[in-house]
Structures are given as C-alpha cells and as structure tokens.
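Numbering (the working numbering) for the first sequence: -10 to 234. Note that CB positions come from ideal geometry on N, CA and C, so glycine has one too.
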Amino acid sequence: MARPLAEAIYAALMGAYDPQGWWPLLAVRGVNPTASGSLRGYHPGDYSYPRDDAQRFEIAVGAVLTQNTAWTNVERALQALQAREAIEPAALLALDDDTLETAIRPSGYYRVKARKLRELAVFWQRLGGRIPRRDELLGIWGVGPETADSIRLYAFGQAEMVVDAYTRRILGALGLLAERAGYDQIKAWCVAGLPCRVEVYQEWHALLVEHAKRCHRGAAGADPLLSAVADPGAGQRRRGGVSGA
DNA sequence: AACCAGGACGTGA
DNA sequence: TCACGTCATGGT
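Here's what the structure looks like:
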C-alpha cells in the first residue's frame, strides 16, 4: 500500500519549514519576546498550549478576528483588547459598542466582528468550561467551518482538520482536488491521508499557510517544493528515468 | 494603485 | 444548493 500523498506533502513541508508553533498567543510573546522562533507568540515544538481557559478564549477571539484578514492586523486588535483586559467573556461583554469596535478596528470588518465577538462571548459563558462540539460552534452567529475547526483544534486540542483558502490553493494547484470540492470534501481528503494526531493536524494547517505565503503569492506558478511530491514520477523522470516497482 | 489577507452571512435564483 | 455582494483595515 502506497504512502498517502498528504503524508509525503507533510514530510516535505516539515523538512523545509520545521514546526510552526501555532496558535500564536500574546502570553508567549510576553514570556519569550526575543527568541526568534517565538518572536510573535508562536511556540514551535511546544504543544503544551493553551494552558488555561483565558488562552483558549484568546484563540477563539483571534480565530474570529482573522477571518479573511492578515494576522498582523489581528495582533493590533488583540493587543488593544488586552490593554482593556477584555479578552475574557464578561469583560468583553461589558464594553460598549464604540469601545469594542474601536479596539478591533485594525482587524477590519469591525462592526460585524464586534457582533461576532459578543456572540462568541455569550456562548463561552454558557459553555461552562466544557469542550464544545463542532455543531455547537457552528451554531454561533459568525462562526463558520474554518473558525469552528480552528477553535476545536487549537483552543481545545481536538483532532479537527482545518481547511482554509491556502489549503485549497495549494492542493488545487497540485491537481489533487476536484474543481468543485467544498470545505468538507477537502477536509475529508486531508483526514484520509494523515495520521489522526492533534500535533499533525496543527502543523499541517500551519505549514500550508507558511508555504502559501512563501510560494503561492499572486499568480500561481509551479510549486518547486511540492510538485515532485504530488507527482512522484516527476522527479525521477527529470533525473533520467527510473522505473519504479 | 489595485490587490489581497489564516471567512461568514444574507440574498436571489 | 450555489453564486454573488457585503463587510473594512493595512501592507505590498
């Protein structure tokens, strides 16, 4: 039985970029502000985060704020919220609309996202410290498939595959996805080809994002790193042709 | 100066 | 179901 393609892609990405240490946390940035790997709150190789409910909620808030938005913009919003000690459900709900919107303005869509954060905070209060099911998260106004899966995977350490625009772009460019493939289909493809381990799911998603940022900006050119992996014959053919068994 | 960022919702067909 | 418009700031 052949090794799943996703596993080969994972190995290539890991070999090229090393562990990414997602999800970034403000506390990690504060604890380890100068270490190169943790410079922005990332904690590569350390899977002991999040360590409390405050960090879990911070991840959920970040997951909402980063919807269709660059993470650098989200960081400003998170810092503004932290300055008001509002990365906590009750405190966030205690902010008036204008204060909340002003704090998260750098992350864009600030009116919609302000409402989304309130919905999230109310949900969190009713959750009572339990691990939310996926369908419960999807029931929150403002939480769709990717955000729900991100919260499950990174905030609660559940083996929930996250699919994002980068995943679709990279796998699509390699010709591995059906043209009409939806979120759940892409998710199923990834799940089928990777070991069901939280660390693997976290790194898979983070590595794809890193790879896309480096190699898939703008017009999709050839993927020098992954094309040989996705088409195993390509490398050998270029090298002069070795017939595989 | 367009174009894009670690999407989701509301609407009409 | 599904395509399309909307939401908005900041970096390239």
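{"Query": "Validate contact between the region 48 to 60 and the region 128 to 141 using beta carbons, cut 8 angstroms, 3 pairs", "Result": "yes"}
{"Query": "Residue 85 versus residue 126 - alpha carbon distance", "Result": "24 angstroms"}
{"Query": "Sequence-distant residues of the same chain with beta carbon closer than 7 angstroms to residue -3, five excluded per side", "Result": "218"}
{"Query": "Residue 76, buried or exposed, once every other Cβ within 10 Å from all chains shown has been counted against 16", "Result": "buried"}
{"Query": "Three-state secondary structure assigned by DSSP to residue 98", "Result": "coil"}
{"Query": "Whole-angstrom distance between residue 203 and residue 211, CA atom to CA atom", "Result": "13 angstroms"}
{"Query": "Environment of residue 9 [buried if 16+ CB atoms lie within 10 Å]", "Result": "buried"}
{"Query": "Status (buried if at least 16 other CB within 10 Å, exposed otherwise) for residue 30", "Result": "buried"}
{"Query": "Contact under 8 angstroms by Cβ, residue -7 with residue 161", "Result": "no"}
{"Query": "At least 3 beta-carbon pairs within less than 8 angstroms: the region 109 to 120 vs the region 83 to 101", "Result": "no"}
{"Query": "Exposure of residue 113, with buried meaning 16 or more beta-carbon neighbours within 10 Å", "Result": "buried"}
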